[in-house]
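Chains as they are written, first to last, in UniProt numbering: chain A, 1 to 135; chain B, 1 to 135.
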């Protein structure tokens with residue numbers, strides 16, 4: 001059902017400053033950056049092994065990520081797993097009583113499907129599920 | 001320098017209850033559990049792809065993990081990268097001004113070497129470095 005860790009998302013207050021640690025100091029590679037308007041974040045994608053670090057910088061004060069940063073400070077925000085079949089996974093999780101933030105997958109502009117599991121059901125961890133296009 | 005994400009550590013208050021989510025609901029495999037006396041935690045190792053989830057349950061009230069759980073509740077605790085040469089990595093990080101919790105590697109009972117980077121230098125993330133025996 002779950003194939004691997006797709007990414008670990010980290011909320012930061014300044015993307016350039018954060019890259020000085022993850023890229024300049026640790027020696028990881030910056031693959032690319034993009035603005036995700038639907039979530040009001042700038043994202044830097046930093047591959048590591050078979051996964052990625054995603055650095056999230058809120059671009060407004062209202063988004064979930066912005067409120068997280070204000071309340072808890074910078075740090076790990078969510079953990080994303082890649083799955084083969086997100087609809088089957090969500091159906092199963094619902095059947096066994098796991099609380100979902102998204103009961104049906106959200107479809108991103110790139111065709112990627114994703115959904116979040118509520119941290120209440122996952123030891124305080126915000127867990128994202130990804131089904132990649134063509135995967 | 002950095003090869004991959006070795007594990008993502010999650011602090012939990014009850015190991016059996018946490019396995020009901022990560023193993024029973026998500027369908028991940030429980031590889032094994034062990035008690036790590038030096039850190040006063042019971043650990044459940046849950047492989048996923050090329051990495052692992054490590055569920056940490058404090059076994060006293062004094063350890064760093066126990067204080068984290070009391071202060072912040074369950075959730076992601078640290079992120080561990082596997083490196084080829086931990087001494088070279090720590091030397092480099094120190095040279096470029098990264099604040100280290102362990103300036104020299106700690107050697108575990110299994111010969112594994114590890115060290116922590118201070119969250120102040122890593123966007124609030126407690127980062128662990130591992131050099132595996134024979135790696």
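Every residue gets a Cβ at the ideal spot worked out from N, C-alpha and C, and that includes glycine.
The structure presented is a predicted model; accordingly, all values stated were derived computationally and were not measured.
Extent of the continuous alpha helix (DSSP H) run through residue 118/B: That residue, residue 118/B, is in no alpha helix (DSSP H); it is neither H nor E in DSSP.
Beta-carbon proximity list for residue 36/A, same chain, < 7 Å, skipping 5 on both sides: 43
My understanding is that residue 4/B touches residue 48/A, with C-beta atoms under 8 Å, so please give their C-beta distance in whole angstroms. 6 Å
Please confirm if residue 84/A has its CB atom under 9 Å from at least one CB of chain B. no
Exposed or buried, what is residue 71/A when buried is set at 16 or more other beta-carbons lying within 10 Å of its beta-carbon? exposed
Classify residue 83/A: buried if its beta carbon has 16 or more other beta carbons within 10 angstroms, exposed otherwise. buried
Kindly indicate which three-state DSSP category residue 26/A falls into: helix, strand or coil? coil
Is there a Cβ from chain E that is less than 9 Å from the Cβ of residue 32/B? You won't find chain E in this structure, because its protein chains are A and B.
Going along the chain, which residues of its own chain have a beta-carbon closer than 6 Å to the beta-carbon of residue 78/A, five neighbours each way excluded? 9, 126 and 128
Closer than 8 Å: is that where the CB of residue 125/B sits relative to any heavy atom of the ligand SAM? The ligand content of the structure shown is nil, which means the ligand SAM is not present either.
Quick one: residues in its chain with C-beta nearer than 6 Å to the C-beta of residue 6/A, no 5 flanking neighbours on either side, listed in chain order? 80, 82 and 130
Residue 19/B versus 121/A, 132/A and 76/A, residue with shortest Cα-Cα distance: 121/A
At the 9 Å Cβ level, is residue 16/A part of the contact set with chain B, yes or no? no
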